[in-house]
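The structure appears below as structure tokens.
Numbering (UniProt numbering), first residue to last: 1 to 1095.
What follows is the structure, given as structure tokens:
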């Protein structure tokens, strides 16, 4: 049975396409909301400048089923135009409830669909949207912002831009006609007549309108080397510029600020009394900015074309004023965005990504990503010394417990105080926590209230040191810190007072502690509730009670039935009377944790699962199993801003659960881990005993994503990376250096676990007329690189690598076409030379080169040809997969000679001739291949069944391809088993563990397709996706269904399913009724599936 998949997004698209500042609130001078539009989702940011540095936080995100091409504020609403020509009117605040939706046109051809250019009058009375040709839509708004649409037909010209003027009904069009003349045409939308037409220079690029505070406007025309300011009462004012205008914005002082292609910022006064005396004022430079967005709190959002976007503080002063500071001197608050991704591959557990910005050398990056939250860590020396002096057996299970800022270590036979010098019992600790102003320890034979000493932060010794990198193996420790003296950790031990104690001859099994109550179960099946003085309030028999949690006005008790069966979790009153709220477990409970802020109970079990219940009206049915591991998980609260919103799950893997998703943390510890009060009030720390028995304190830098990176800067754009050895990988770089030359290099990068950055060695630079386009590591000693030359011919070089520091030319071959693909399989090397497939053997490469100054060539054989150009080669067993750049995939079966150095036969057995512009390809298994396309579609293809089952079949049983190409013999058609569109150009496809397919896109998106275990899950999730998609269009105004849906087969969108948690209870009930299960159960299923998308 073919696989079905769940698509999940690991990192969203990084390219901001549109942005608008939302309406001002009462405190708009301190903060402002901004709506960012990406290719497939929208994001609302809160920009808070009440303190420095500026705090930028995400309020909400919404998926876009169809891209938004334009948006603006109209009155009290947002007007947005979709790519399939819908005008939607939205409320100003999230979730942007939709007020109206109008279809603007039924024509969807690229040139005539009226979404190419849009403009609104300054007062919001009219909105104009047009295509490049023919169609023009005029929307007139009434006092309630309701639009009335009219359709007009444009004359026979091509529209370059449309802008408003000071007359709300008069719009200016920059157009060109077939005679290559260009005009500015002023068109009255009310009277539907052309008012004026004037000829402009034929090299005119675009126009804009600049308004002043009184509402007057002037038209500004841009050419490659001039800015022309139009004025009805004066001649045109012409300003010479050194480079083409790249972007611009007008401030509220009637000035135009432009960025030139050379990155310089220039200010131009549009409204001035000294008409001929004012020219331009230089105001520094910035990275190339595609969009400027002025915010109400005097901040300017600069959307970088391919690098990090950022906010700049800008006053209302005139930019031409001498007191205005240059832009490059203003402090920046960045929105970290990954530059465009060119390629990626897995290097062990790390995802290596090549990325870079347009002609920005500081943004040419090769990054090794770990699927973990970024951390800082250091060794707590005194705690480490105490831990090692304790003499715990190597095979004993050690648990860490924290009580505020104190730390306890306990095994089955002993307990010690590591931080805080608590006067604890030396017996096994069952539970310990703050108890009023003191600390309560529950141990094997009793309970003890201990005086709580006050510690001074930081909780480290004078000899504190950075955690050793080597002990973490693949875990990146990022950063270190100094460790000043802490008096409570050194010197003579201080005995803390025992305030109260309860001793029992019957052993304690389990316990839980609140601020003023404690509950414990004993070996005689008794359960006792103690007050703050350790006096028994209630005592009852609850057989086999083995785990507890205080849940607001209830106590959750896990117990095993007397007659056998799985454990249950029951909510009890403080009188220990059971309620009707009962949850079923899959095995015995291991730990329980209640989260006050979300009113949720988390329960882990001995068979490795973690389930979540909501404390409320429907407790019994609200179970969501959110984790599935192999060993019993420990659960710890992780406090952020004094609220326990997160849960640390410690099992065979480590996750921080934020209520929606699992964030991975790479920790390696054989024993001893818990959360502990952080050194700041912002969030907790994690403390653990590492592989070397060091007690290590870990702070989490950023808990919004679980991607941490080591990087190295390249001097050219990194194009492709491949595996070299366990700790190193190879990268080729290329960029144009002028019109007729390239700059290309061969880099070998080493990922040393003890280093916070990648170590880069430039082992080879190549001549200016050759650009590197493909690379393959043949073995430790040889690397093959394919080049394209200026005349579009090709060269393959075999480089001999010496100790990873130097590469010398060993052999080469020249061809009439570029070599876009190289693949080594066994003893053979395949080359895709233009449309031809050639090969050679390693025997030819390994021949010892004769001593000569002239480079030697090697021979290769041509074995087949495809229609266009070979861009990808993959091999599985005796199956050869060829990716044609525009003609999809061809599959061959080949056989080798006895020595494996030559090909005996090669036969075409299957093909997929659906035209595709292939940009990525990888094997999923022996019979399936995944391909990515320029238009964002990812498709999984499988060999037809008869190709898989019968190697000697002479006639085809499978269907012959419908769209034919010239084939000598009939062949099978590849079976399409899954298709999904990610709406951005796919740059790489990778197979991870458990058959998960990962991908990257040009605009920075990283995602995964997780195989579903059974068809039942697929059917259930597909039905939920269908109803959620429909309901989301009613609740979230920006989510509009496509008029013409893109192809999707055997894939469920996790981004759509994620919306269930944010929907109204009414919508959640509809979903529950449709799928006949509680929405929390669905949430748990999705959460477990997504965990497989961790690398």
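The beta carbon of each residue, even a glycine, is placed where N, CA and C say it ideally should be.
Rounded C-alpha distance that separates residue i from residue j
i: residue 633; j: residue 1087; result: 16 Å
i: residue 101; j: residue 89; result: 6 Å
i: residue 340; j: residue 603; result: 42 Å
i: residue 760; j: residue 313; result: 37 Å
i: residue 343; j: residue 691; result: 35 Å
i: residue 717; j: residue 754; result: 27 Å
i: residue 148; j: residue 786; result: 59 Å
i: residue 248; j: residue 1062; result: 37 Å
i: residue 530; j: residue 610; result: 28 Å
i: residue 1035; j: residue 614; result: 23 Å
i: residue 1094; j: residue 9; result: 11 Å
i: residue 392; j: residue 347; result: 37 Å
i: residue 893; j: residue 937; result: 27 Å
i: residue 661; j: residue 328; result: 38 Å
i: residue 732; j: residue 918; result: 21 Å
i: residue 1097; j: residue 246; result: As displayed, the chain neither begins before 1 nor continues past 1095, which places residue 1097 out of reach and without an answer.
i: residue 223; j: residue 929; result: 48 Å
i: residue 55; j: residue 779; result: 50 Å
i: residue 214; j: residue 257; result: 19 Å
i: residue 117; j: residue 1003; result: 23 Å
i: residue 526; j: residue 1066; result: 43 Å
i: residue 501; j: residue 534; result: 7 Å
i: residue 430; j: residue 674; result: 14 Å
i: residue 745; j: residue 784; result: 13 Å
i: residue 781; j: residue 800; result: 6 Å
i: residue 240; j: residue 183; result: 21 Å
Exposure of residue i, with buried meaning 16 or more beta-carbon neighbours within 10 Å
i: residue 58; result: exposed
i: residue 805; result: exposed
i: residue 1147; result: Because the chain here runs from 1 to 1095, residue 1147 falls outside it and cannot be looked at.
i: residue 983; result: buried
i: residue 1073; result: exposed
i: residue 939; result: buried
i: residue 36; result: buried
i: residue 874; result: buried
i: residue 1078; result: buried
i: residue 829; result: buried
i: residue 960; result: Here the model assigns residue 960 a pLDDT of 47, short of 50, so the residue's position is not dependable, and the following value carries that caveat. So residue 960 ends up on the exposed side.
i: residue 1085; result: buried
i: residue 69; result: buried
i: residue 869; result: buried
Strand pairing of residue i, partner residues [DSSP]
i: residue 666; result: BP columns for residue 666 are empty, so no partner.
i: residue 129; result: 118, 137
i: residue 735; result: 743
i: residue 103; result: 86
i: residue 429; result: 443
i: residue 631; result: Beta-bridge pairing links residue 631 to no other residue.
i: residue 655; result: 649, 664
Contact with chain B by residue i, beta-carbon distance below 7 Å
i: residue 591; result: Note that chain B does not occur in the displayed structure, where there is just one protein chain.
Handout entry: Given 8 Å, three or more beta-carbon pairs between the segment 105-115 and the segment 140-147
Key = no
Handout entry: Contact between the segment 422-431 and the segment 697-711 (3+ Cβ pairs under 8 Å)
Key = no
Problem - Segment contact, 8 Å Cβ cut-off, at least three pairs: the segment 426-445 with the segment 508-522 - result: They touch, by the three-pair rule.
Handout entry: Entirely enclosed alpha helix (DSSP H) segments - the segment 748-780, minimum 4 residues
Key = none
Practice task
Specify whether the segment 1038-1048 and the segment 1004-1015 touch according to this definition: at least 3 beta carbon pairs, one from each stretch, less than 8 Å apart.
Solution key: no
Exercise for the section: Spell out a yes or no on whether the segment 368-382 and the segment 395-406 are touching, meaning 3 or more CB-CB pairs, one atom from each, closer than 8 Å. Expected result: no
Problem - Validate contact between the segment 770-781 and the segment 806-820 using beta carbons, cut 8 Å, 3 pairs - result: yes
Practice task
Check whether the segment 978-998 touches the segment 1042-1054, counting contact only when three or more Cβ pairs, one atom from each stretch, lie closer than 8 Å.
Solution key: yes
Practice task
Evaluate the contact criterion for the segment 37-54 versus the segment 1016-1029: three or more CB pairs, one atom per stretch, below 8 Å.
Solution key: In short, these stretches do not touch, since the Cβ pair count stays below three.
Handout entry: Three-pair Cβ contact test at 8 Å for the segment 575-592 versus the segment 556-564
Key = yes
Problem - Runs of alpha helix (DSSP H) wholly within the segment 970-1038 (minimum 4 residues, chain order) - result: Taking only runs of at least 4 residues, the alpha helix (DSSP H) segments lying wholly in the segment 970-1038 are 1015-1035.
Problem - Start-end ranges of the alpha helix (DSSP H) lying completely within the segment 353-410, minimum 4 residues - result: 381-389
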